[in-house]
Amino acid sequence: MSDDKHSPQEFSLDALSQEMGSIKEFVEQQGRRDEVQQKAFDALYEELRQYKEDFVFQAEKPLLLDLLLFYDSLNWFQQSLVKQEMSPEVISDSFQYLIDEFLELLYRRDVLPMEGKRGFDRESQKAIKVVHTSDEGQDYTIRQVLKRGFTRGGRVLRPEEVVINRYDPGKPEREDS
């Protein structure tokens, strides 16, 4: 009888040793795979960050360039005032040119001034002051526009700030805030 057989204890130690080696190799492979995966995620996140920054820059660039052109116009106006004696009419015309240029900048961004309204509209206007009137026909009419309102894409961007008339037959005409 040959002694080819190992004792059960030896067999289980060899098997256990082999199994431990396999587990160790598996864990090392997972560690390498996780490291490669982490590097790939880091590279992807960096790429996304750069894309986001570039996207925001590219989205803002046309507006910023328009603002820089307007800045140039303001500088021109300031230098014209300093260098020359301008009549009030020329100053007024030049200033109106700047306002028109700025409105054009807004138009290019689909920002439009609101149309003037005779009656108060809660959806597009904000009453800043109330003036009491004894004329019933003047109730909820616009007395004065303090700040012009603007829309963008048909939606109110900034409500118009107004002074409104309110009918009050018992009170003389007076302002309330």
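Under our numbering, residue 190 is the last one in the sequence shown; the count climbs by one each step, no gaps.
For each residue, glycine too, the CB sits at the ideal point set by N, CA and C.
(message) Quick check: what's the CA-CA separation for S30 versus Q43?
(response) Residue numbering aside, residue 30 sits at position 17 when the sequence shown is read from its first letter. Residue numbering aside, residue 43 sits at position 30 when the sequence shown is read from its first letter. If you take the alpha carbons of S30 and Q43, they lie about 20 Å apart.
(message) Short of 7 Å in beta carbon distance, which residues of its chain neighbour V124, apart from the five on each side in sequence? Order them along the chain.
(response) Taking the first residue of the sequence shown as 1, we reach residue 124 at position 111. Only F163, R165, L170 meet the Cβ criterion.
(message) Just to confirm the assignment, what range does the beta strand (DSSP E) spanning Y180 have?
(response) Taking the sequence shown and counting its residues from 1, one reaches residue 180 at position 167. That run of the beta strand (DSSP E) goes 173-180.
(request) Starting from the C-beta of K139, find all residues in its chain whose C-beta is less than 8 Å away, skip the five residues before and the five after it, and write them out in chain order. (result) As a working note, residue 139 is residue 126 in the sequence shown. Here the set comprises P172, E173, E174, V175.
(request) Give the straight-line distance between the Cα atoms of V103 and L94, rounded to the nearest whole angstrom. (result) Taking the first residue of the sequence shown as 1, we reach residue 103 at position 90. Taking the first residue of the sequence shown as 1, we reach residue 94 at position 81. If I take the Cα positions, the gap works out to 10 Å.
(message) Please report the distance separating the alpha-carbon of S35 from that of A28.
(response) In the sequence shown, residue 35 corresponds to position 22, counting from 1. In the sequence shown, residue 28 corresponds to position 15, counting from 1. Using only the alpha carbons, I get a separation of about 10 Å.
(request) List the whole-angstrom C-beta distance separating R122 from L76, where the pair is believed to meet the contact cut-off of C-beta under 8 Å. (result) Counting from 1 along the sequence shown, the entry for residue 122 is found at position 109. Counting from 1 along the sequence shown, the entry for residue 76 is found at position 63. Sure, about 7 Å apart at Cβ, within 8 Å.
(message) Is the beta carbon of S147 closer than 8 Å to that of P182?
(response) Here residue 182 refers to the residue found at position 169 when the sequence shown is read from its first residue. Here residue 147 refers to the residue found at position 134 when the sequence shown is read from its first residue. Yes, these two residues count as a Cβ contact at 8 Å.
(request) Closer than 7 Å by C-beta to D79: which residues in its own chain qualify, once you throw out the five before and the five after it? Chain order, please. (result) Mapped onto the sequence shown, residue 79 falls at position 66. Same-chain partners within the cutoff: L118, R121.
(request) In angstroms with no decimal places, state the Cα-to-Cα distance between Y64 and Q51. (result) Counting from 1 along the sequence shown, the entry for residue 64 is found at position 51. Counting from 1 along the sequence shown, the entry for residue 51 is found at position 38. Rounded to the nearest angstrom, the two C-alpha atoms are 20 Å apart.
(message) Please state the DSSP three-state secondary structure of R62.
(response) Here residue 62 refers to the residue found at position 49 of the sequence shown. Note: R62 maps to helix in three-state DSSP.
(request) Report the rounded CA-to-CA distance for E59 versus D67, giving the unit in angstroms. (result) The count along the sequence shown starts at 1 and reaches residue 59 at position 46. The count along the sequence shown starts at 1 and reaches residue 67 at position 54. The straight-line gap from Cα to Cα measures roughly 12 Å.
(message) Which residues does DSSP list as the beta-bridge partners of V95?
(response) Stepping through the sequence shown from its first residue, residue 95 is reached at position 82. Answer is none; V95 lacks a bridge partner.
(message) Between F54, Y153, L82, which has its C-alpha nearest D134's C-alpha?
(response) As a working note, residue 134 is residue 121 in the sequence shown. Ranking F54, Y153, L82 by Cα distance to D134 puts Y153 first.
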